[in-house]
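**Q** Dropping a structure here in structure tokens format, bear with me for questions.
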Amino acid sequence: MDRQIQKLQKLVKLHINQSKADLVNTYGRPCKYSDNEIWFYHEYRWGIFRDEITFIFQKNVVVDIMISQYIFWKEYKNIFYYESKNPEYKIIKF
282 MDRQIQKLQK LVKLHINQSK ADLVNTYGRP CKYSDNEIWF YHEYRWGIFR
332 DEITFIFQKN VVVDIMISQY IFWKEYKNIF YYESKNPEYK IIKF
């Protein structure tokens, strides 16, 4: 199984159905371009790699999570978890 899917599974187990206050306690304040329905957090690795973790809310509770991977600031891969549809993981490579 892909390492990023494993990371997303861990995030889903920890954060699905959590409130916004719980996320702030865990990760701190979201990035400045977040809004009420969607929050973004960045994780940097090795200087040229960046993961962007996206939490999507419905009624102030996390319902969907996505990880976007960047190399040299260009997006190259998205891993999704859609609870509101069929619970499953999807990978989209650019």
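Counting with our numbering, you get residues 282 to 375 for the letters of the sequence shown. Even glycine gets a Cβ: it sits at the ideal position worked out from N, Cα and C. From a predicted model like this one, the values you see are computed outputs, not experimental measurements.
1. What are the start and end residues of the beta strand (DSSP E) that includes residue 337?
2. Along the chain, where does the alpha helix (DSSP H) that runs through residue 286 open and close?
3. Spatial neighbours of residue 330 within its chain, please: CB distance less than 8 Å, with the 5 preceding and 5 following residues excluded, ordered by chain position.
4. Specify the secondary structure class of residue 345 as computed by DSSP and reduced to three states.
5. Would you tell me roughly how many angstroms separate the C-alpha atoms of residue 340 and residue 303, rounded to the nearest one?
6. Going along the chain, which unbroken runs of the beta strand (DSSP E) with 3 or more residues stay wholly within the stretch 303-331?
7. Please report the residue range of the beta strand (DSSP E) in which residue 361 lies.
8. Taking residue 363 as the reference, which of 328, 323, 343 has the closest Cα?
**A** Judging by the given coordinates:
1. One-based indexing of the sequence shown puts residue 337 at position 56. Where residue 337 is concerned, the enclosing beta strand (DSSP E) stretches over 330-339.
2. Within the sequence shown, residue 286 is the residue found at index 5, counting from 1. Segment 284-296, the alpha helix (DSSP H) holding residue 286.
3. By one-based count along the sequence shown, residue 330 stands at place 49. So the qualifying residues of the chain are 350, 351, 352.
4. For the purposes of this step, residue 345 is identified with residue 64 of the sequence shown, where counting begins at 1. Here residue 345 carries a strand assignment [DSSP, helix/strand/coil].
5. Numbered from 1 along the sequence shown, position 59 holds the residue referred to as residue 340. Numbered from 1 along the sequence shown, position 22 holds the residue referred to as residue 303. Answer to the nearest angstrom: the Cα atoms are 14 Å apart.
6. Whole beta strand (DSSP E) segments, 3+ residues: 319-326.
7. The count along the sequence shown starts at 1 and reaches residue 361 at position 80. First-last of the beta strand (DSSP E) with residue 361: 355-363.
8. For the purposes of this step, residue 363 is identified with residue 82 of the sequence shown, where counting begins at 1. Looking only at 328, 323, 343, the smallest Cα-Cα distance to residue 363 is reached by 343.
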